[in-house]
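Working notes, beginning with the structure itself.
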Amino acid sequence: MADTSVGIALNLAVKGLANIDMCGASMKKLALSIKGTGKEARHLMKDLKAIKVNNLKLDGIKRQMDGFKSQVMERAATAVSLAMPVKFAIDYESAMVNVKKYIEFESEEQFKQIGSEIKQLSSHLGVGFTEIADIAASGGQQGLKANEIMDYTKLVTIAAACYSSRRTG
């Protein structure tokens, strides 16, 4: 029986050695897998750093674009603020040429005075200067004199403004 026990023990020992060899091979595979995973992790870390650098660059470009957009808007606003008075001056001159074409003024001063009164009327009633100047010119076409033109212009402008407010109100 002792021989049988020794045989069983030897058999178990041989099987244990086979299992130890299998475990050793599995451990080697695991070590290689861990080593490969480490290389992949280092590669991923490099990629992550590159992404962070690119994001920083993109943020810088975005800030530059925002600054550029702001400059463009400022310049556009400046251009408009410079162009509007010029446009108003051109519109004023054009409208007053039409007035002068149909009305005989006694002096340049009288002409300037009527232009000033037309501006005031425009501001007071909220009607465009050009429209009021057209009304004054139409009075001249009807034969009104320079000293009569503002009474006519005020009357027609106020009547037109009242009529317009009734239609929209």
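Quick note: to get our numbering, add 140 to the position in the sequence shown (first position is 1).
Don't be surprised by glycine CBs; every beta carbon is placed ideally from N, CA and C.
| query | Start and end of the alpha helix (DSSP H) containing residue 254? | reply | Counting along the chain, the unbroken alpha helix (DSSP H) around residue 254 starts and ends at 248 to 265.
| query | Between residue 239 and the rest of its own chain, which residues show a CB-CB distance below 6 Å, the 5 nearest in sequence each way excluded? | reply | Cβ neighbours of residue 239 beyond the five flanking positions: 273, 276 and 277.
| query | In whole angstroms, what is the alpha-carbon distance linking residue 90 and residue 299? | reply | Because the chain here runs from 141 to 309, residue 90 falls outside it and cannot be looked at.
| message | Does residue 208 come out as helix, strand or coil in the three-state DSSP assignment? | response | Residue state for residue 208 is assigned as helix, using DSSP reduced to three classes.
| request: May I ask which residues mark the beginning and end of the alpha helix (DSSP H) holding residue 271? | output: Looking at the DSSP string, the run of the alpha helix (DSSP H) that includes residue 271 is 269 to 281.
| Rounded to whole angstroms, how far is the Cβ of residue 223 from the Cβ of residue 270, which I believe are closer than 8 Å? | The Cβ separation is near 17 Å, so there is no contact.
| request: Tell me whether residue 171 is buried or exposed, calling it buried when 16 or more other Cβ atoms sit within 10 Å of its Cβ. | output: With fewer than 16 other Cβ atoms inside 10 Å of its own Cβ, residue 171 counts as exposed.
| Three-state secondary structure (DSSP) at residue 228? | The answer is helix: DSSP assigns residue 228 an H, G or I state.
| request: Could you pull out every residue in the same chain whose Cβ sits closer than 7 Å to the Cβ of residue 203, ignoring the five residues on either side in sequence? | output: None.
| said: Going by DSSP in three states, residue 174 sits in which element: helix, strand or coil? | reply: DSSP places residue 174 in helix when its eight states are reduced to three.
| said: Quick check: is the beta carbon of residue 273 nearer than 8 Å to any beta carbon in chain C? | reply: This model lacks chain C altogether; it includes just one protein chain.
| field | Beta-carbon proximity check, residue 289 vs residue 230, cutoff 8 Å | value | The Cβ atoms of residue 289 and residue 230 lie no closer than 8 Å to each other.
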